[in-house]
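Chemist: Going letter by letter, the sequence shown gives residues 7 to 342 in this note's numbering.
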Amino acid sequence: MEKQKTFGISRRLFLKISAGLQAVAGFSLPKFAHADNSHWQATLIDLTLCNGCMDREIPACVSACKNINKEKIPPPVSPIPEPWPRKNIEDWSTRQDVADRLTPYNFIYVQKADIENGVNKKTVFVPRRCMHCDNPACATICPFSSNHKHKNGAVVIDQETCFGGAKCKAVCPWQIPQRQSGVGIYLHILPNFMGNGVMYKCDLCIERLRASQKPACVDACPQKAMIHGARRDIYALAEERASKINGFIYGKKENGGTATLYVSDVPFELINKTMKKKPGRPDMPVDVKRRMAETDGLGKATLAAPVLGVMAAGVGLSFKWFYRRKDQIKGEGENE
Numbered sequence: 007m008e009k010q011k012t013f014g015i016s017r018r019l020f021l022k023i024s025a026g027l028q029a030v031a032g033f034s035l036p037k038f039a040h041a042d043n044s045h046w047q048a049t050l051i052d053l054t055l056c057n058g059c060m061d062r063e064i065p066a067c068v069s070a071c072k073n074i075n076k077e078k079i080p081p082p083v084s085p086i087p088e089p090w091p092r093k094n095i096e097d098w099s100t101r102q103d104v105a106d107r108l109t110p111y112n113f114i115y116v117q118k119a120d121i122e123n124g125v126n127k128k129t130v131f132v133p134r135r136c137m138h139c140d141n142p143a144c145a146t147i148c149p150f151s152s153n154h155k156h157k158n159g160a161v162v163i164d165q166e167t168c169f170g171g172a173k174c175k176a177v178c179p180w181q182i183p184q185r186q187s188g189v190g191i192y193l194h195i196l197p198n199f200m201g202n203g204v205m206y207k208c209d210l211c212i213e214r215l216r217a218s219q220k221p222a223c224v225d226a227c228p229q230k231a232m233i234h235g236a237r238r239d240i241y242a243l244a245e246e247r248a249s250k251i252n253g254f255i256y257g258k259k260e261n262g263g264t265a266t267l268y269v270s271d272v273p274f275e276l277i278n279k280t281m282k283k284k285p286g287r288p289d290m291p292v293d294v295k296r297r298m299a300e301t302d303g304l305g306k307a308t309l310a311a312p313v314l315g316v317m318a319a320g321v322g323l324s325f326k327w328f329y330r331r332k333d334q335i336k337g338e339g340e341n342e
């Protein structure tokens, strides 16, 4: 019987990490920062149509998202290594059914905003997920270049190279990315000293987009409150709908512009006042500025500096082990 050969990490992953390190060392800016956006797609979420799927236990968009992403995260190791010096393990593997906030297993949820404007009262339902920003600081700040703005407009975290450092979450105005500890490449290098899992968030169903399909949440919405299409068309439609109801648009200017626009007949300042920012439950600050707008390269290099030396050493040692183990297995095969 042939022996099953396994390695801690593949050569392909090493090449990915090395490329990321090279980008950081060169103080490089992301290629998408001034890229042509003619191929970008966007989503319009019309809050005048969303009713929160009150007739369902879980909103349709949330159920569809969970269903399509349910196999995305591998089971975490047990026990999960405690990172040093902060022992902040985040394990959602036993709480995968949570649907009322963002988690590594739940990329979208629906917020309920009870608004009082004088004598008028109104309830607004707000689906929340990654905004897929035009020039995402989360991608700029990643020390290992694991976060990318793709040609179709989706901002996607590469699960194979993410170390779960949460810098992407720190610079996101809405703190969208969520961490699952005990999974990912960090387990194969220095799990107690560098990394803490993988960051997860909505990837706009990028594989569906590549197959000319719409994101699962958009297709699932029974009220047709979500519309997905070419960015220029979505932006024009948002302006048209807002104009008809004398309404408001969110996402056009926030964080430097995004690929997710909300239209509402209630000012977003009032909506935001009802939202108490909590873990996994972001607020909606109006006109929020993009962090690192003027210091992208420097900020990225500064945050990366403390780990680059350790990372280089870890990768180097792992490379040596990889090829030593490869030669060892080759020798075992010749002696069989």
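Think of the CB as a built atom: it goes at the ideal place given N, C-alpha and C, for glycine as much as any other residue.
(1) Should residue 215 and residue 244 be called a contact, given that it needs their Cβ atoms to be closer than 8 angstroms?
(2) Identify, in the order they occur along the chain, each residue of the same chain with its Cβ nearer than 6 angstroms to the Cβ of residue 111, setting aside the five sequence neighbours on each side.
(3) Rank 256, 283, 282 by C-alpha distance to the C-alpha of residue 272 and give the top, closest one.
(4) Leaving out five residues before and five after residue 275 in sequence, what residues of the same chain have Cβ atoms less than 6 angstroms from its Cβ?
(5) Does residue 100 pass the burial test, meaning 16 or more other C-beta atoms within 10 Å, or should it be called exposed?
(6) Do you know how far the Cα of residue 184 is from the Cα of residue 79?
(7) Suppose contacts are defined by Cβ-Cβ distances below 8 angstroms. Is residue 168 in contact with residue 114 by that definition?
(8) Roughly how many whole angstroms lie between the Cα atoms of residue 261 and residue 125?
(9) Express the C-alpha separation of residue 186 and residue 240 in angstroms, rounding to a whole number.
(10) Could I get the ranges of all uninterrupted alpha helix (DSSP H) runs contained in the region 118 to 144, with 4 residues as the minimum, in chain order?
(11) Looking at C-alpha atoms only, which residue of 43, 50, 177, 44 is the closest neighbour of residue 248?
(12) Counting Cβ pairs closer than 8 angstroms, one from the region 136 to 154 and one from the region 223 to 235, do we hit at least three?
(13) Go through its chain and collect everything with a Cβ distance to residue 228's Cβ below 8 angstroms, but skip five positions before and after it.
(14) Per the DSSP calculation, residue 268 is bridged to which residue(s)?
(15) Between the region 207 to 214 and the region 187 to 194, do at least 3 Cβ pairs fall closer than 8 angstroms?
(16) Would you call the CB atoms of residue 225 and residue 160 closer than 8 angstroms?
(17) Would you please state the rounded distance, in angstroms, between the beta carbons of residue 252 and residue 87? I believe it to be under 8 angstroms.
(18) Only counting runs of 3 or more residues, tell me where the beta strand (DSSP E) segments fall wholly within the region 182 to 262, in order along the chain.
(19) Within 10 angstroms of the Cβ of residue 61, are there 16 or more other Cβ atoms? Answer buried if so, exposed if not.
(20) Over what stretch of residues does the beta strand (DSSP E) that includes residue 155 continue unbroken?
(21) Whose CA, out of 130, 90, 46, 176, lies closest to the CA of residue 53?
(22) Given a threshold of 16 other Cβ atoms within 10 Å of its Cβ, counted over all protein chains shown, does residue 219 qualify as buried or as exposed?
(23) Is the Cβ-Cβ distance between residue 144 and residue 177 less than 8 angstroms?
(24) Within 10 angstroms of its Cβ, does residue 73 collect 16 or more other Cβ (buried), or is it exposed?
(25) Indicate the three-state DSSP secondary structure (helix, strand or coil) for residue 36 in the structure shown.
(26) Could you compute how far the alpha carbon of residue 264 sits from the alpha carbon of residue 290?
Modeler: Reading off the structure:
(1) no
(2) Same-chain partners within the cutoff: 98, 102.
(3) The shortest C-alpha to C-alpha distance from residue 272 to any of 256, 283, 282 is the one to 256.
(4) 292
(5) exposed
(6) 12 angstroms
(7) no
(8) Answer to the nearest angstrom: the Cα atoms are 33 angstroms apart.
(9) 33 angstroms
(10) none
(11) 50
(12) Segments in contact, no.
(13) 59, 66
(14) 51, 256
(15) Not touching, per the Cβ criterion.
(16) no
(17) So it is not a contact: roughly 55 angstroms between Cβ atoms.
(18) Counting only runs of 3 or more, we get 184 to 186, 204 to 206, 232 to 236, 254 to 256.
(19) exposed
(20) 153 to 155
(21) 130
(22) exposed
(23) Yes.
(24) That one is exposed.
(25) Legend: pLDDT at residue 36 = 48, less than 50; position of this residue unreliable, value from coordinates given subsequently. Here residue 36 sits in coil by DSSP.
(26) 13 angstroms
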